[in-house]
Structure formats: structure tokens, C-alpha cells
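The sequence shown runs 311 to 655 under the working numbering. We treat Cβ as the ideally placed atom computed from N, Cα and C, and that holds for glycine. To start, the structure under review is shown below, and the notes come after it.
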Amino acid sequence: MISKEFQDLDDNQKLRKEAILKYIPIPSKQERKLQFGVDCAELVHFAHWEPGGEHIKQLVIKNVVMKTQKIKYKLPQTRYFSMEFPETITLSAGMSWTIPITFRPVAKEPYSDTIEFTSSFGKFMIPIKASLPEHILEFPNSVDFGMCPVRETAKLSFNLSNKGDLATYFSWEIPHPFRIHPISGILKSGSEENMILEFSPKDASVFSATCVCRFGSHQKTELSSQYMVVDGIGKYSHLSIDGGQTYFDFGEVFVGKSVEKKLILENPSALIFTPTASGMTCTDYYDITTLSGNTIRLTCTGKGIGPRVTFNTTVLNFNDVKTDTTVFRALYIQNHTATTAFYQV
């Protein structure tokens, strides 16, 4: 039955409202868990296929809420992707459902489609994609050197990863005062190259550059481009006198005698510790060497710690449960630290 409110709308308003009502979202994996109580793959992706063959992927649907859900799907719209005849499946809390998806390509070209699912919390789409082999490189979008003394060289490293299905040629274009090593090379599919970035400022200025990575086939034809922003600040070394004293009064001194006052020069520097793993103790050594050959060794040590998370109980007792019935128990998790704690059940 059409509501009076809908009848009172003009034609354009009706079309817009119908479009909104028909819209079915394609949520991310995390959004799907929060909004629809379902955990599954972000998308169904077919790779390494040939026309004329039959390729099957398994899509696992899991109910992640503490209540029973009824879930069903609609068949893909194109004939290249097929599934079993859709039936409504009842999933208890924590249970999974495995759905085979068959792909039958007829030509060497990309294919795409969607599967419409209906859960107890609404409708959502899961995309299906069959892609051709391509060149895909992955590296940071930006690198920041922070401050670096003038006429010195700071170094940072990052991984250049080949996420594609093909061996990929790469080359870098990077302006001064930045440099990168190696400047070019070939990465096999699934491999990584540790890239070294150097920053050598000639004056005290702020530097920002866009580095271009060109990559593609070994023949170096039809190369793609990807960009990375590199920042750095050139800074003159800063010396200070201990205590801030800049005036020294020796008073009255007998001729032929000497009076000594100590002058301590300081070069303030910062030591930063950024742990990457909980429970790991790290130790590193730094040698400070003067031009005259005097060396001071610094020993730096630190331990990485993670968040402290606890449950409200260590035992969940469901007692006797009748067949075909569902019993719920609440389990609370608490983070006792000031940092974010990620968890998975």
C-alpha cells in the first residue's frame, strides 16, 4: 500500500525517493560486521584464469552476532558467474556457511558482478571480480625525514612490493637534495625490494619533493606512474653553553699566573624509541666521534609493551541446554590502558 506522504510527492521527488529505497550498499568488511552482523571476504576475486575453463571460489559467510540470523542471496546477474539455487539458511551465533561461486569466462577480458545478500539486519552487496594479470607496485604515499643537519646525510628505508601477477620493471625520478637506491630494477611477482632514501640538505630550508615511480613490462613500453611525497628540513647544527652563561669574569689575576674557568659546549639532540612488537627489548649503540678521534659510545635500550586487556570471567557456564534452543551469555572485555587495543573473536 502506497502511503499518502509518497502520493503527495511530485514526480522528481518520487524518483529520488525510489532510488534511495532501492539502493543497496557495498560495505567494507568491518562495516558489514557492525551493520549486518556478518563476516565475510571484502570481495570474491578470480585471478590466474583462462577462457573456456571453470573456476570455483568458496565464499564463507559467518554470523558474528549473539542471535540466530536467516540469510539468503540472489543469483549474480551475468551468466559468467553462477551459484547454487538460493535457499534461506538459518545461522546460529558463530556458525558459518560456505557458498561455492563458479566462474566460466569466454574471453580474455575483465568481468565483474555482485551478489545481493539479505540478513536479519538488512540487504548488502558483495562484489565479484575477475581481473587480468597486471602490474601493481605498493609503497608509502609519503616519507618525512624531519630535521637533518646541513651538509650531512640522513637515510630512511622502505619496502617496494610487487603485488601484481607479473614481473615488473621500475625506475625512479627524484629531485635533489634527495636520492634513492636502487634507482631502477625488476621485481618478480610477490617479491620486495628494500629501497634506501637519502636526504642531503645544502642549506637550512624546508624541502618537499614528489618522487615518480614508473613501472610496467620489461620492454619499458606503456609504463604506469605512481607518486610519493618526500619531505625534509635542513637545519644548522645548534651549539649552546651549559647553563646559558655567555660572560666570564676572571677578576684580578697576578701577572704570570693562570686562572681556569670551564666552558661546556652542548649540541642538543633527541633520541626517539618507537617499539614495533610487544614484549621485545631492543638495544642499540651510537658512537659520537670528534674530528680529533675522541669517541663516546651511547647505549640505548627500551622495551615495547602492549595494552592490558581482560575479560570479566574466565569461565562461561551454559548449564544444561535443550536441543534446538539457544542460550546466551554475556562476555565483557575491558582495555585497562590508554592506547587502542585491537581484538578478534
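Where the alpha helix (DSSP H) through residue i begins and ends
i, result
"F346", "K339 to F346"
For residue i, the first and last residue of its enclosing beta strand (DSSP E)
i, result
"H578", "Per the sequence presented here, residue 578 reads as Pro, with His not at that position. That residue, P578, is in no beta strand (DSSP E); it is neither H nor E in DSSP."
"S568", "Note, S568: premise wrong, no beta strand (DSSP E); not H, not E."
"H365", "H365 to N373"
"D597", "T591 to T599"
"Q536", "S534 to K545"
"E562", "Element bounds for E562: n/a, residue is neither H nor E."
"E483", "T478 to E483"
"A440", "G432 to A440"
"E508", "E502 to F509"
"P487", "Careful: P487 lies outside any beta strand (DSSP E) and carries neither H nor E."
"Q644", "I643 to N645"
"T408", "S406 to F413"
"F517", "V516 to G526"
"M393", "F391 to M393"
Among the options, the one whose alpha carbon lies nearest that of residue i
i, options, result
"T611", "G526, T520 and L581", "L581"
"L497", "S452, T463, Y479 and P485", "Y479"
"L466", "F488, V625 and P335", "F488"
"F356", "Q368, F346, C350 and V348", "Q368"
"S402", "G456, M376 and L575", "M376"
"P511", "H491, E532, I543 and H528", "I543"
"N451", "L470, H548 and E352", "L470"
"K433", "P420, K384 and I409", "K384"
"T378", "K473, V655, V348 and E503", "V348"
"H365", "V619, A351, S441 and N472", "S441"
"S515", "G500, T593, S494 and G456", "G456"
"T609", "V619, D594 and V563", "D594"
"A519", "F558, P485, P492 and E532", "P485"
"L573", "G554, L533 and F583", "G554"
"E352", "G363, G362, Q340 and L344", "Q340"
Spatial neighbours of residue i in its chain, beta-carbon cut-off 7 Å, leaving aside the 5 residues before and after
i, result
"P617", "N645, T647, T649 and A651"
"D423", "P386, Q387, T388, F391 and I438"
"K530", "Y479"
"V637", "F628 and V631"
"N504", "S467 and N469"
Sequence-distant residues of its chain with Cβ nearer than 6 Å to residue i (five each side left out)
i, result
"G614", "P585, A587, S588 and M590"
"V354", "K367, L369, I411 and I438"
"I598", "I606"
"I399", "I381 and W407"
"Y642", "N622"
"F427", "Y383 and F434"
"L549", "L575 and N577"
"Y653", "none"
"I436", "I425"
Cβ shell of residue i (< 8 Å), same chain only, five flanking positions each side left out
i, result
"G404", "K372, N373 and V374"
"F560", "V569 and K571"
8 Å contact criterion, which residue i and residue j should meet: CB distance rounded
i, j, result
"F509", "S429", "Actually they do not touch by this definition, with Cβ atoms about 52 Å apart."
"E444", "L476", "7 Å"
"C521", "I490", "7 Å"
For the 8 Å Cβ check, are there 3 or more pairs between the segment 459-472 and the segment 410-428?
Flag = no, the segment 459-472 and the segment 410-428 do not touch.
Using 8 Å as the threshold, is the segment 567-576 in touch with the segment 527-547, meaning 3 or more CB pairs across them?
Touching, no, given that fewer than three Cβ pairs across the two stretches are closer than 8 Å.
Contact the segment 333-341 vs the segment 392-409: 3+ CB pairs below 8 Å
no
When the Cβ atoms of the segment 521-537 are set against those of the segment 471-485, are three or more pairs found closer than 8 Å?
yes
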